[in-house]
Amino acid sequence: MNYTEIMVRYGELSTKGKNRRIFINQLSYNIKNSLHEFPNVKIRADRDRTHLILNGSDSEQVMQRLAPIFGIQSFSPVIRIEKSPELIKKTAVEMVKAIWLPGMTFKVQSRRSDKNFEWDSNDANREVGSAIYHSVPGIEVKMIQPDIRVEVEIRQEAAYLSCETIQGAGGLPVGSSGRGMLMLSGGIDSPVAGYLAMKRGIEIEAVHFYSPPYTSEQSWQKAKELAVKLTPYVGSIQFITVPFTVIQEEIKRCIPAGYWMTITRRFMLRLTDRIREEREGLAIINGESLGQVASQTMHSMLAINDVTTTPVIRPVITMDKSEIVEVAQKIDTFNLAIQPFEDCCTVFAPPEPKTKPKVDKVQHYEARLDVEGLISDAMSQLIIEEVKINDNYLNQSTEEMEDLF
Ligand code: ATP
Ligand code: MG
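Have a look at this one:
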């Protein structure tokens, strides 16, 4: 069909009172960003809907881009035509024929704001309904929960027809809740945490701790590739690499093995918080899931969280592994995450990390290190890159990567 516009419905946005303008503006901005390859599309945001005027752009391709955008409840491709009864009937029949499958029912729902038009809304329902009924053999009318709802709107300037409603991604527009730093490893959980944070409107920047030569370049590229998988929801993501080798070596040299893990995590959290402050973020997001490993017991979280008062959002904290895996599969990060490249925590993992570290003991051992010096050194060597949709890192040549370090 030759659709002329896409109508976008907001869902939860509409209930947001005074913030509504902010949400709608952010959504328009995000839509515009993800449609940058379609310069002809014009965006018109109203109080309850946004209209995308296609001006010749392909509706299928545009709708593909809309599907992952948070803050969209649903959308419908629409045809704008001249207000002629014959043309309205003919177009409605064509639209239904294009999607009808045997057994499907339909209903026509009309609205008329042009009171001078020869049909009122009841006439329109009857006329268009009967045209469809007589042109699609076997189709039945159903008033409640029809399979196809043909919407006819007769306005001053033209008539608008649509008969498909496609479910959007839901949630809130990314950015409308502020910015947060996602601690992104190469595992299954943190990309899922990032996805869920974005779903509630958080603009994420990825922070990745990298310990060459203990961890391979591939594990670094893999983390970036995981960030790429999160870009369809936003267009691009800042990927911040923190050199972590020296800190890990210092911890290993000065701290009893049972406390390596807790103290390593405290450094990660401190550094992420420092980066957050510099980049005006409001929260930290990680992929911790309660009880999954030693660092994720309640005792460990208390001892690790001791280094900051910044909110740490843990979107998957109460999820079972199987539930996290389900989301990872849905967002296509699972297959990448299970590729076996060492990440820094496996190399420095002590045989028996404390599952109930005591905060005062942790602080006592940590006093052996020049915490501030180690942190400022790492902060002075951050690598900040922008990853974008369709970027490819895992097949990059080694030389290109060496140039960066
Ligand atoms: P994931 O599957 O996300 O790696 P995990 O179950 O392997 O999680 P841990 O390795 O204990 O759990 O890490 C817990 C969280 O700490 C991760 O979800 C992530 O948010 C953060 N984290 C761990 N390692 C790194 C790293 N190298 N860089 C950035 N963040 C990390
Ligand atoms: Mg991990």
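Using our numbering, you'd call the opening residue of the sequence shown number 322 and step up by one each time.
Glycine is no exception: its CB is placed at the ideal position from the N, C-alpha and C atoms.
These numbers come from a predicted model, not from an experiment.
Inter-segment contact for the stretch 559-569 and the stretch 644-664 is absent: fewer than three beta-carbon pairs are separated by less than 8 Å. DSSP lists Ile400 and Val473 as the bridge partner or partners of leucine 482. Remark: the C-beta of valine 567 is outside contact range of the ligand ATP, defined as less than 6 Å to any heavy atom. Under the three-state reduction of DSSP output, isoleucine 509 falls in the coil class, being neither helix nor strand.
Non-local C-beta neighbours of leucine 503 in its own chain, meaning closer than 6 Å and more than five positions away in sequence, comprise Gly515, Ile525, Ala527 and Ile606, ordered along the chain. The straight-line gap separating the alpha-carbon atoms of isoleucine 469 and lysine 543 is approximately 44 Å.
The three-state secondary structure of threonine 676, taken from DSSP, is coil.
In this structure, Ser456 is the residue among Gly501, Arg595, Ser456 and Ile584 with its C-alpha nearest to the C-alpha of lysine 411. Boundaries of the alpha helix (DSSP H) around histidine 620: 619-626. Within 6 Å of the C-beta of phenylalanine 427 there is not a single heavy atom belonging to the ligand ATP.
Annotated as proximal: proline 494 and phenylalanine 344, with beta-carbon spacing under 7 Å.
Under the three-state reduction of DSSP, proline 406 is assigned to helix. Using a Cβ distance threshold of 7 Å, glutamate 326 and histidine 372 count as a contacting pair.
Beta-bridge analysis with DSSP links arginine 500 to Glu524. In its chain, beyond the 5 residues on either side, Ile327, Met328, Val329, Arg330, Met384, Leu387, Thr486, Ile487 and Gly489 have a beta carbon closer than 8 Å to the beta carbon of phenylalanine 396. Counting the other Cβ atoms within 10 Å of the Cβ of proline 534 gives fewer than 16, which makes it exposed.
At a threshold of 6 Å, glycine 608 counts as near the ligand ATP, since its beta carbon sits closer than that to one of the ligand's heavy atoms. Note on glutamine 569: 16 or more other CB atoms within 10 angstroms of its CB, so buried under the neighbour-count rule.
Counting other Cβ atoms within 10 Å of its Cβ, leucine 623 stays below 16 and is therefore classed as exposed.
Sequence-distant Cβ neighbours of methionine 519 in its own chain, meaning closer than 8 Å and more than five residues away, are Phe391, Gly492, Val495, Ile525, Leu551, Tyr554 and Val555. Rounded to the nearest whole angstrom, the CA to CA distance from alanine 366 to leucine 375 is 14 Å. For the pair glutamine 382 and tyrosine 350, the Cα-to-Cα distance works out to about 18 Å.
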